[in-house]
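The next block holds one structure in the form of structure tokens; read it before the comments.
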Amino acid sequence: MTPALAIDGLSVEYDDFVALDDVSLTVAPGESFGLVGESGSGKSTLLRAVAGLAPVSFGTITVDGKRLGGKRDKAFYRKVQMVFQDPYGSLHPRQTVDRLLLEPLAIHGFDDTEGRIVRALDEVGLGVSFRFRYSHQLSGGQRQRVAIARALILEPSMLLLDEPTSALDASVQAEVLNLLEQLRATRKLTFVMVSHDLAVVTHMCDRLLVMQNGGVVEQLASTDLAARRVTTDYTRGLLVASEGFCRKS
Amino acid sequence: MSDAAMTRREWLLTDRPQSRLQARLGRAYVAWRRFTANRLAVIGLVIILGLVFLAIFAPLLAPHSPYIGDLAKARLLSPGPGHWLGTDDQGRDILSRLIYGSRLTLQVVLLVAVIAAPIGLLVGTVAGYAGGWVDAVLMRITDIFLAFPKLVLALAFVAALGPGIGNAIIAIAITSWPPYARIARAETLTVRNSDYIQAVQLMGASPWRIVLRHIMPLCISSLIVRVTLDMAGIILTAAGLGFLGLGAQPPLPEWGAMIASGRRFILDQWWVAAAPGVAILIVSLGFNLLGDGLRDALDPRGSGQ
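Chains A and B, in that order, are what the protein sequence lines are. So the first sequence is residues 1 to 249, counted in UniProt numbering. So the second sequence is residues 1 to 305, counted in UniProt numbering.
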């Protein structure tokens, strides 16, 4: 079976700074893959390189067996969509929810825009009363739902999630994560999810990649992580850190 | 009645609009309320609306003909009944000339804004979004235009094109777009790397679509403010060209040209030059106040966005 996403020897360099150094991974269709690491470890850069927002210096990215060039075509964007970290920055400040959802449909020439917009809102649990609101009339969780609806309205097969819940408070985080889980199950989506929260990744993902300083530390199944079967000190450190502060007795 | 007004207000201010139109109207209403909260801005708006009113109904409002005077009996009469603002050296009623002149002023201001603002907006947003050599080329051209004093450059253009109100408008438009391009570019640079623009890129939108439909709307409000504030300057430049004899040609009642023709008797018959001078002052002030008010009402960083 061809992997949904295959990355081979990927490097991203900005001038002299190496943001991503020789990373390889494969994600099977329908799988949920996690990327964890501290800030600046290159996990977001990896996601942005796949989306075409970061320049690829070396290596190849293959989606559904098709190698991606420097410029992505429309077909790619119908297949792969992204949800950004900050819901306050990812929605256009001068557009209503309606306009935000209409834009991808207009770009790709979809028909039945009316029905699709209503369905998309319904699917993320917002309902039509939100349709003509501006983004400043929405809470953080509602904004992120709109962003998810916008990503899903093109019916992609893969969703790139860049810390989709880290800007939200704890109760809303759970809501949005459950929504994503449920959407993945019903739509058979492939997830590539970046997070610095090990609990979230263990809950959401089948496999995960631990990254540090732009390189790969180790790749493991989330069951291994849950059972603490980790092989490197760095991952162990992350695990300890994720348990929060505790006084040394 | 107040009950109906309340519900209409609630309909406008609701946070769950039912249609595109309602959302847009509600947004306009919030901006309007912010605008009217500023009393000076409302004064500015009233002045400009008054100017528009004068221009539209000039034939009905003007007591005399603006072109034909009574050379035998009515030369350089002082203000008084019959001629409220006096008459000029051709015996023409100055008030009537001012009222008809409002048409020319408005024409100049509107045409310059309609020509210059879109050029500046397009050059600025394209330069800001494209970056690289496109940006460099477009901005160096802008810099060349900015390097000359506006009036001197307009003078050169009019001298080349030939005097006349139409050429004056073209000359002023050519010299006034560069600041708009700068503003639009600065605004574009602040949003071009934002998540919401990248989100549109990830939908597969073409660069033109992004610039026209997503970046330009964000630049427009600061541009409207700047254009309104510049209108006073445009009027003055037009008046300056008229004063130098390069703008409107006689017998057109252009305010700057009227001052020019009145300067010969400025000591003995001061009202000939003073009346159009005051008119220019009031209209310039009106545009400035309006621009200030719009800045507060349209600022996207304001509370209601």
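Note that CB positions come from ideal geometry on N, CA and C, so glycine has one too. Note that the structure is predicted; figures quoted are calculated from it, not measured.
For A:R228, name the three-state secondary structure that DSSP assigns.
In the three-state DSSP reduction, A:R228 falls in the coil class, being neither helix nor strand.
Suppose you measure from the CA of B:L223 to the CA of B:L290; what does that come to, to the nearest Å?
Each residue's alpha carbon lies about 14 Å from the other.
On the DSSP bridge assignment, give the partners of A:I7 in chain order.
Per DSSP, A:L25, A:I61.
Does any C-beta atom of chain A lie closer than 7 Å to the C-beta of B:G132?
It does not; no Cβ of chain A falls within 7 Å.
Could you check whether the region 79 to 88 of chain B touches the region 21 to 41 of chain B, counting it as contact only if at least three pairs of C-beta atoms, one from each stretch, sit closer than 8 Å?
Taking 8 Å as the limit for Cβ pairs, the verdict is that the region 21 to 41 of chain B does not touch the region 79 to 88 of chain B.
Report buried or exposed for A:S139, applying the criterion of at least 16 other Cβ atoms within 10 angstroms of its Cβ.
Looking at its Cβ environment, which holds fewer than 16 other Cβ atoms inside 10 Å, A:S139 is exposed.
For chain A, find out if any of its Cβ atoms is closer than 7 Å to the Cβ of B:M216; answer yes or no.
By this cut-off, B:M216 is not an interface position.
Locate the alpha helix (DSSP H) running through A:F191, then write down its first and last residues.
Note, A:F191: premise wrong, no alpha helix (DSSP H); beta strand (DSSP E) at 190 to 195.
Whole-angstrom C-beta distance between A:V23 and A:M46, which should lie under 8 Å:
Checking the sequence shown, residue 46 of chain A turns out to be Leu, not Met. Your pair A:L46 and A:V23 checks out as a contact, with CB atoms roughly 6 Å apart and the cut at 8 Å.
By the 10 Å Cβ neighbour count, where 16 or more other Cβ atoms means buried, how is B:A136 classified, buried or exposed?
B:A136 counts as exposed, since fewer than 16 other beta carbons sit within 10 angstroms of its beta carbon.
For B:W32, count neighbouring Cβ atoms within 10 angstroms of its own Cβ and tell me buried if that reaches 16, exposed if not.
B:W32 is exposed by the Cβ-count criterion.
If you follow the beta strand (DSSP E) that A:G30 is part of, which residue opens it and which one closes it?
Here A:G30 belongs to no beta strand (DSSP E), and DSSP marks it neither H nor E.
Is the Cβ-Cβ distance between B:A173 and B:A116 less than 7 Å?
With contacts defined as CB atoms closer than 7 Å, B:A173 and B:A116 qualify as a contacting pair.
For A:R207, name the three-state secondary structure that DSSP assigns.
In this structure, A:R207 counts as strand in the three-state DSSP scheme.
Taking the continuous beta strand (DSSP E) assigned at A:L220, which residues delimit it?
Here the beta strand (DSSP E) through A:L220 covers 215 to 221.
Does the Cβ of A:I148 lie closer than 6 Å to at least one heavy atom of the ligand NAD?
With respect to the ligand NAD, the structure shown offers nothing to examine, as it has no ligands at all.
Report all residues from its chain with a CB closer than 6 Å to the CB of A:V97; omit the five preceding and five following residues, and keep chain order.
Apart from the 5 residues on each side of it in sequence, A:V97 sits with its Cβ closer than 6 Å to the Cβ of F130, R131, R133, V146 in its chain, given in chain order.
Which two residues bound the contiguous alpha helix (DSSP H) that contains B:V46?
Unbroken alpha helix (DSSP H) run through B:V46: 39 to 56.
DSSP-derived helix/strand/coil call for B:Y129
DSSP places B:Y129 in helix when its eight states are reduced to three.
Taking buried to mean at least 16 other C-beta atoms within 10 Å of its own C-beta, is A:F76 buried or exposed?
Label assigned to A:F76: buried.
Check whether the Cβ of A:S129 lies closer than 7 Å to any Cβ atom in chain B.
A:S129 belongs to the set of residues whose beta carbon lies under 7 Å from a beta carbon in chain B.
Go ahead and pull the three-state DSSP assignment for A:M1.
It is coil, neither helix nor strand.
Short Cβ contact (7 Å threshold) for A:Q85 with A:D162
Yes, Cβ-Cβ distance for A:Q85 and A:D162 is below 7 Å.
B:S284 and B:I235 closer than 7 Å at C-beta
Remark: C-beta atoms of B:S284 and B:I235 approach each other more closely than 7 Å.
For B:R8 and B:A297, I'd like the C-alpha separation in whole angstroms.
Roughly 21 Å separates the two Cα atoms.
Can you tell me where the alpha helix (DSSP H) holding B:M216 begins and where it ends?
Element bounds for B:M216: 216 to 243.
Of all the residues that make up the region 196 to 212 of chain B, which are near chain A by a beta-carbon distance shorter than 9 Å?
Residues passing the 9 Å Cβ filter: Y196, I197, Q198, A199, V200, Q201, L202, M203, G204, A205, S206, R209.
Which of helix, strand or coil DSSP assigns to B:R9
B:R9 falls in the helix class under three-state DSSP.
When you check each C-beta in the region 45 to 78 of chain A against every C-beta of chain B, which residues fall closer than 8 Å?
Within the region 45 to 78 of chain A, the residues whose Cβ lies closer than 8 Å to some Cβ of chain B are A51, G52, L53, R72, D73, K74, F76, Y77, R78, listed in chain order.
So what's B:K73 in DSSP terms, helix, strand or just coil?
Look at B:K73 here: in three-state DSSP terms it is coil, with no helix or strand label.
Cα-Cα separation between A:S39 and A:H196, rounded to whole angstroms
In a straight line, the C-alpha of A:S39 is about 8 Å away from that of A:H196.
Could you check which residue in B:F145, B:A58, B:L202, B:H214 has the C-alpha nearest to that of residue 306 of chain A?
For chain A, the structure presents residues 1 to 249; residue 306 of chain A sits outside this window and is missing.
Taking the C-alpha atoms as reference points, what is the distance between A:D15 and B:F287?
Straight-line Cα distance between these residues: approximately 48 Å.
Output yes if chain A places a C-beta closer than 7 Å to the C-beta of B:D15; else output no.
Yes, contact with chain A.
Within 10 Å of its beta-carbon, does B:R192 have 16 or more other beta-carbons around it, so buried, or fewer, so exposed?
If you draw a 10 Å sphere on the C-beta of B:R192, you find 16 or more other C-beta atoms in it, and that means buried.
How big is the Cα-Cα spacing for A:G34 and A:R94?
Rounded to whole angstroms, A:G34 to A:R94 spans 33 Å at the Cα level.
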